[in-house]
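Q: Quick note on numbering: the working numbering labels position 128 of the sequence shown as 161, and the sequence is numbered without any gaps.
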Amino acid sequence: MFTLEEIFPEIFEHEGKIFTKNLVPSVKVYGEKLLKIDNVEYRQWDFFRSKLAAAIKNGLNEMPIKQGSTVLYLGAAEGTTLSHVSDIIGKTGIAFGVDISERVMRKFIGMCEQRKNVMPIIEDARKPWTYKAFLEERKIDLLFQDVSQPDQARIFLKNTEYFLKKGSAGMLVVKAKSISQKSDVGSVFGKELGALTDQFKIKQVVNLKPFEKDHVLALCEKL
Ligand SMILES: C[S@@+](CC[C@H](N)C(=O)[O-])C[C@H]1O[C@@H](n2cnc3c(N)ncnc32)[C@H](O)[C@@H]1O
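Written as structure tokens, this is what we have:
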């Protein structure tokens, strides 16, 4: 009998692969595999296409996204990861996806027409005041950031200032090569994550190899 184990709320595992329940049955977002068990459809979550999936595979020990969560996601791109976030939070949650590029957002905007719990915002994550009004004073459960920029920690802290309250969760993906091509990768991670420690308790740092080279995902909690 084929069974799925729920490893985090609404995230399921089978033989080393992970899945979320498809909020929009029979519709694929990025060519992922669909699987039907007991009349419930699941979407396979690709470790090579999503840094959050890679972090889960590599031993992330806490998942701040649950049914009903409110998520602010910086670096939405085509919405690959956000599509799974949408499955997890379900109809009672909402995720705001910010990206600076209208071109890469096009596919994501199409997806938002089917997934009403995700909202696209075309803005620069360095300017949180430009999208503050969309969030309407909501309590953000998780600030997630995956932008390939040299000032990743600075952007994360700027958004923290606007949107996070004590106890809220943060997930920062650090891509070392966007910060420095020459410096030692470990010292780039150390410096970037060190910049967070006045504002956050860093609970876990997960290296994303072999799915992403020179990337870590830091799970933290706002102090
Ligand atoms: C690595 S991709 C994100 C992939 C996405 N997180 C996923 O898993 O599907 C980085 C994205 O950050 C966006 N980006 C870069 N600088 C930005 C900025 N200042 N504000 C908002 N988005 C930015 C890029 O346009 C790009 O789509």
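A virtual CB, placed ideally from N, CA and C, is assigned to each residue, including glycine.
Can you tell me whether Leu107 sits near ligand 1, meaning its C-beta is under 7 Å from at least one heavy atom of the ligand?
A: yes
Q: Mapping the DSSP letters down to three states, classify Asp120 as helix, strand or coil.
A: helix
Q: Report yes if the C-beta distance between Lys84 and Leu229 is below 8 Å; otherwise report no.
A: Result no, Cβ atoms of Lys84 and Leu229 do not sit closer than 8 Å.
Q: Could you give the distance in angstroms between the alpha-carbon of Gly123 and the alpha-carbon of Gly112?
A: 16 Å
Q: Tell me whether Leu250 sits in a helix, a strand or coil according to DSSP, three-state version.
A: strand
Q: Bridge partners for Phe106 per DSSP, in chain order?
A: Looking at the sequence provided, one finds Tyr at residue 106 rather than Phe. Bridge partners of Tyr106 according to DSSP: Gly130 and Phe177.
Q: Which of the three DSSP states is assigned to Asn192 in this structure?
A: helix
Q: If Ile44 and Ile121 are in contact, beta carbons under 8 Å, what's the gap, nearest whole angstrom?
A: 7 Å
Q: What's the call for Trp162, buried or exposed, on a 16-neighbour Cβ count within 10 Å?
A: exposed
Q: Less than 7 Å separating the Cβ of Lys84 from some heavy atom of ligand 1?
A: True, at least one ligand heavy atom lies under 7 Å from that Cβ.
Q: Buried or exposed: which applies to Glu95, given that a residue is buried once 16 or more other Cβ atoms fall within 10 Å of its Cβ?
A: exposed
Q: Using 7 Å as the cut-off, classify the Cβ of Arg159 as near or not near the heavy atoms of ligand 1, replying yes or no.
A: yes
Q: Comparing the CB of Glu194 with every heavy atom of ligand 1, is any distance shorter than 7 Å?
A: no
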